[in-house]
Every structure is written in C-alpha cells, then in structure tokens.
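Participant: Input: one structure, supplied below.
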Amino acid sequence: MLAHSVNRAFVREKSSFFTESHVWPLQTRLDPDGWLRNFQPDEEELAVHLLNGFCYFSDRLVDELFAASFLRLSRHVVLPGTPAVAAKAAWAKFFDELVVTYPTGETPSDADSGHLFVRRARDLLGIPEERIMSPERALEIATTASVSAIVFVDDFVGSGNQFLTTIQRKYGTASQSFADLASSLPTCFYIPLFCTSLAVNNALTFLPKNISCVPLHVLGDEYSALNAPSVFWPAALASDGPAFVKRVSERLCLDDTNGASTTDWQGFARLGLGIAFEHQIPDACLPIFYTTQSGWRPLWRRD
Numbered sequence: 000m001l002a003h004s005v006n007r008a009f010v011r012e013k014s015s016f017f018t019e020s021h022v023w024p025l026q027t028r029l030d031p032d033g034w035l036r037n038f039q040p041d042e043e044e045l046a047v048h049l050l051n052g053f054c055y056f057s058d059r060l061v062d063e064l065f066a067a068s069f070l071r072l073s074r075h076v077v078l079p080g081t082p083a084v085a086a087k088a089a090w091a092k093f094f095d096e097l098v099v100t101y102p103t104g105e106t107p108s109d110a111d112s113g114h115l116f117v118r119r120a121r122d123l124l125g126i127p128e129e130r131i132m133s134p135e136r137a138l139e140i141a142t143t144a145s146v147s148a149i150v151f152v153d154d155f156v157g158s159g160n161q162f163l164t165t166i167q168r169k170y171g172t173a174s175q176s177f178a179d180l181a182s183s184l185p186t187c188f189y190i191p192l193f194c195t196s197l198a199v200n201n202a203l204t205f206l207p208k209n210i211s212c213v214p215l216h217v218l219g220d221e222y223s224a225l226n227a228p229s230v231f232w233p234a235a236l237a238s239d240g241p242a243f244v245k246r247v248s249e250r251l252c253l254d255d256t257n258g259a260s261t262t263d264w265q266g267f268a269r270l271g272l273g274i275a276f277e278h279q280i281p282d283a284c285l286p287i288f289y290t291t292q293s294g295w296r297p298l299w300r301r302d
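Under numbering that gives the first Met the number 0, the first residue of the sequence shown is numbered 0, with each subsequent residue one higher.
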C-alpha cells in the first residue's frame, strides 16, 4: 500500500454515484471501471490516484459556468460603489450592445469549440442571433456600429496561441486585424471557462491593451499529472506518480514530441491535464485518458 493512498472503493463509488446522478455520462462515454482494468495489479494504486484527480464537467455544469463567466464581466463594467439603479442601467446598456464571437484555429472550422458556446449565448442568455457572429463579422460591425464590447467565448485555453492567432488574423478587403484596430475598437473580452497559467503567463501577455483575457478559472501547475504535489499526486508520490504516467505512455507507444504534437504523451504543450467536458476533451490532457491505441480502454471516449 502506498503512503497517502486514496481509497479505491471510495473512488469507484464516487464514479458510480456521479454516473447515476447524471453528473457523469453513461459508460459509453466515460468508463472509469473499464479504464482501471487497463493497469497491472502493482499499478492499481497509482491509477486510482490518477482517476481521483480527473475532472469532468457535464453540459449542465458548463451552462452554469458559462453564465457565471458573463456575469463576471460586470466588475469591468460597473465601478464599485455605483448606486444600484445606475449599476443596473450600465449593465443593461453594456449587455444590450455587446456582440459575441469566438476564437478560431489556424484554419477556421465549424468544429472549433467556440461554435458550441455562441449557441449558449443565445439559448441561455437570450442574446439575439444578430449579435452573435464570426470574428470577421464582429470586427466589421465594431468599426461601423455602436457596440459596447466584443466578447469572445470559449471553454478551454491551453497554450493561448489560438486566441492570439485569431486577433492577429487579417480580415476583409482592408486586410486588418483586431490587433491592428485595438485602440479604436470597443473593449474586447476573452472569457474562457478555464485557462492554463501557461497561457496567462506567456501567449496572452502579448494581447493589445484594449483586449483582455478574463478566465473564470485559471489552471495552475497543480492541475498537471506531470507535477507533484498536484490534484493527482500528494507530495509522497512526487516521483512515483509522474514516472508512472511516463511508463504507461511508453508501454502504449504514445507520441513523444516534447509537447509539440496534440497527441504527445504529456498532452499538448506538456500540460498533462485531466479535464473533460461532455462535448470534448482538450488536447492538453494526457492521452492515457482517451487513447484507444494498442487496445487501451479509454476513460473518456472521443467520438
């Protein structure tokens, strides 16, 4: 028995309860029991630690987080001490005149996660269709109409490069970008639900002054299974835990690109995360959570 071990029965009961109460999905998508059976008997304790640190967010939870991310913008709109009536009016004006858009990858695609989130802006917050648009259209509207803010929505930010690419991309016949026009645009807010400290401290430091990233939650080094102590490993497993991840990944012949590949054994950018949503698992997560390589039973099954 490892020092500071977690109770396997408790973790499995927790997984079963989350499934039965629909916090976690059915086993066709998330299968903790099947995943644990991948491991050798002497790896069981470490595998349970890894499972215990894994975070899953159902659509219902994501809806709540999404609404909270918008409400959090109020602190950037209404000054502390503003009388209630004036605060309500300022927020209503801001909300009624904003436009919602999303970041896109190097090659914009309908599969970009922001597409899912703009629907939430409409369905959960009641933002009209005409104020939900592509980045190119948002840039055009913001330079020709009265807009209080441009709000980029997203679920997760790993490296931050995608958003940086979006605001630096040239649009329209004038070939201009958000970065080019930042000083003349209304304030732009990027409000992902989760953002890594890697992105906050690196790529997102290059944002122009009028473009801000306001994540609901920042995931620091303690959320990586490659670090200890972390949500996965107590200090007593500082060496054994990360070494276990590497050993199993080598057994599966997973990519070893020092984080350059989206299927690198450490996760993209070596982030080593264990977080999933009902609609996707980020590339920054460890592949041992989702791969089917070499007959591996995934914890979270990608479509």
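Quick reminder that beta carbons are idealized off the backbone N, C-alpha and C, glycines included. Just so it is clear, the structure is predicted and the values come from calculations on it, not from any experiment.
Does the Cβ of D154 have 16 or more other Cβ atoms within 10 Å, making it buried, or fewer, making it exposed?
Facilitator: Buried, since its Cβ has 16 or more Cβ neighbours within 10 Å.
Participant: Quick one: Cα of F53 to Cα of F231, how far?
Facilitator: The alpha-carbon atoms of F53 and F231 are separated by roughly 8 Å.
Participant: With a cut-off of 8 Å on the beta carbons, I'd call V244 and P185 a contact; round off their distance for me.
Facilitator: Not confirmed; about 44 Å, so no contact.
Participant: Would you call the CB atoms of L206 and S68 closer than 9 Å?
Facilitator: Going by C-beta atoms, L206 is not nearer than 9 Å to S68.
Participant: Since G240 contacts A227 with CB under 8 Å, what's their CB separation in whole angstroms?
Facilitator: With a Cβ gap of about 5 Å, G240 and A227 count as contacting.
Participant: Would Q265 be called buried (16 or more neighbouring beta carbons within 10 Å of its own) or exposed?
Facilitator: Q265 should be labelled buried.
Participant: Count the other CB atoms, across all protein chains shown, that sit within 10 Å of the CB of L45; report buried if there are 16 or more and exposed otherwise.
Facilitator: Result: buried.
Participant: Which runs of the beta strand (DSSP E), 3 residues or longer, sit entirely within the stretch 192 to 238?
Facilitator: List check, beta strand (DSSP E) in window: 210 to 212, 216 to 218.
Participant: From this set, S211, S223, A141, A259, which residue's C-alpha is nearest E96's C-alpha?
Facilitator: Out of S211, S223, A141, A259, A141 has the C-alpha closest to the C-alpha of E96.
Participant: Relative to the C-alpha of Q167, which candidate in G157, V156, A181, S158 has its C-alpha closest?
Facilitator: The option with the nearest alpha carbon to Q167 is A181.
Participant: Could you say if the stretch 126 to 140 and the stretch 78 to 91 meet the contact criterion of at least three C-beta pairs nearer than 8 Å?
Facilitator: They do not touch, by the three-pair rule.
Participant: Under the three-state reduction of DSSP, which class applies to F38: helix, strand or coil?
Facilitator: In this structure, F38 counts as coil in the three-state DSSP scheme.
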